[in-house]
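Inspection log for the structure reproduced underneath, given as C-alpha cells.
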Amino acid sequence: MFRNLSSQIAAAAVSKDGDKKKVMSPTLRSDIYAVIDQAKAWISGARGQPGDGVSYGAILSIIQKHFPELTLGLESVGHAESEVAVIIGGITNMIMEYSMWESMPGGMAMRTWVDGLIGAYEKAAEQKKDVLAKGITRGINHYTNDPDHIRVKEQ
Numbered sequence: 011m012f013r014n015l016s017s018q019i020a021a022a023a024v025s026k027d028g029d030k031k032k033v034m035s036p037t038l039r040s041d042i043y044a045v046i047d048q049a050k051a052w053i054s055g056a057r058g059q060p061g062d063g064v065s066y067g068a069i070l071s072i073i074q075k076h077f078p079e080l081t082l083g084l085e086s087v088g089h090a091e092s093e094v095a096v097i098i099g100g101i102t103n104m105i106m107e108y109s110m111w112e113s114m115p116g117g118m119a120m121r122t123w124v125d126g127l128i129g130a131y132e133k134a135a136e137q138k139k140d141v142l143a144k145g146i147t148r149g150i151n152h153y154t155n156d157p158d159h160i161r162v163k164e165q
C-alpha cells in the first residue's frame, strides 16, 4: 500500500520528460512588492527616471531573479519607452506567475500594481507622460507573458 502511494507521489512530482515540476520561488511575493515600490518611485521620477539609462537596473535585477531571460538590448538603453515597457512587462509577468500558485493574493498583488502604476503616472512630469503611456501600453501588449518578446529591441 505505501509503496503504491509513494510511487504515485513520485510520479506526480516528475513530468513526462523526467524533469521536476516547477515550484514557486519562496521570495516571489516579497520581490513583487519590493519591485512595485521601486517602480513607482522610478516612474514618478522620485528615484531616477525612465530614459536615463541606469536607474532601471535595480528593478530589472529583481525581475531577472525570476525571469533571467528578460533583458534590455543595448540599442534600447536610454530610451524611456523601451525601459518602461520591459519593467512593466516584467513586473506584470511576476504577478501572473504568482497568481498561478496563489490566485487570491495574486489578484491583490495585481490590484496593488495597477493602483501604484496609476499613482506613479499621475505624479510624473507632464512632458514624460506621453512616453510613459506608450511604454506602459507596449509593456502590457508585447512583453507580458510572451516569450517571443522577452528581449527588447528597438522597433
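First residue of the sequence shown: 11, per our numbering; consecutive thereafter.
Where is the CB? At the ideal position from N, CA and C, for every residue including glycine.
Note that the coordinates shown come from a computational prediction; the quantities given were computed from them, not determined experimentally.
Per-residue DSSP class, three states only, for residue i
i	result
L82	strand
R57	coil
D47	helix
K32	coil
D62	coil
T228	The structure shown does not extend to residue 228, since the chain is modelled only from 11 through 165, so no value can be given for it.
I69	helix
Cβ-based neighbour list, residue i, same chain, cut-off 8 angstroms, excluding 5 preceding and 5 following
i	result
G116	I105, M106, Y108, S109 and M110
Beta-carbon proximity list for residue i, same chain, < 6 angstroms, skipping 5 on both sides
i	result
G63	V87 and G88
E58	The sequence as given places Gly at residue 58; Glu does not occur at that position. If we look at G58 and ignore the five residues flanking it on each side, its Cβ neighbours are W52 and S65.
P60	A90, E93 and V94
Neighbourhood of residue i by C-beta, 7 angstroms cutoff - its chain only, sequence neighbours within 5 removed
i	result
I42	M104, I105, Y108 and A119
T147	none
I101	V45, I46, A49, I73 and W123
Cβ-Cβ separation, residue j to residue i (assumed contact under 8 angstroms), whole Å
i	j	result
G149	G99	4 angstroms
S54	A130	4 angstroms
Just to confirm the assignment: which complete alpha helix (DSSP H) runs, minimum length 4, are found wholly within the segment 82-145? 90-111 and 113-133
Tell me, please, whether the segment 135-145 touches the segment 43-51 by the rule of three or more beta-carbon pairs shorter than 8 angstroms. no
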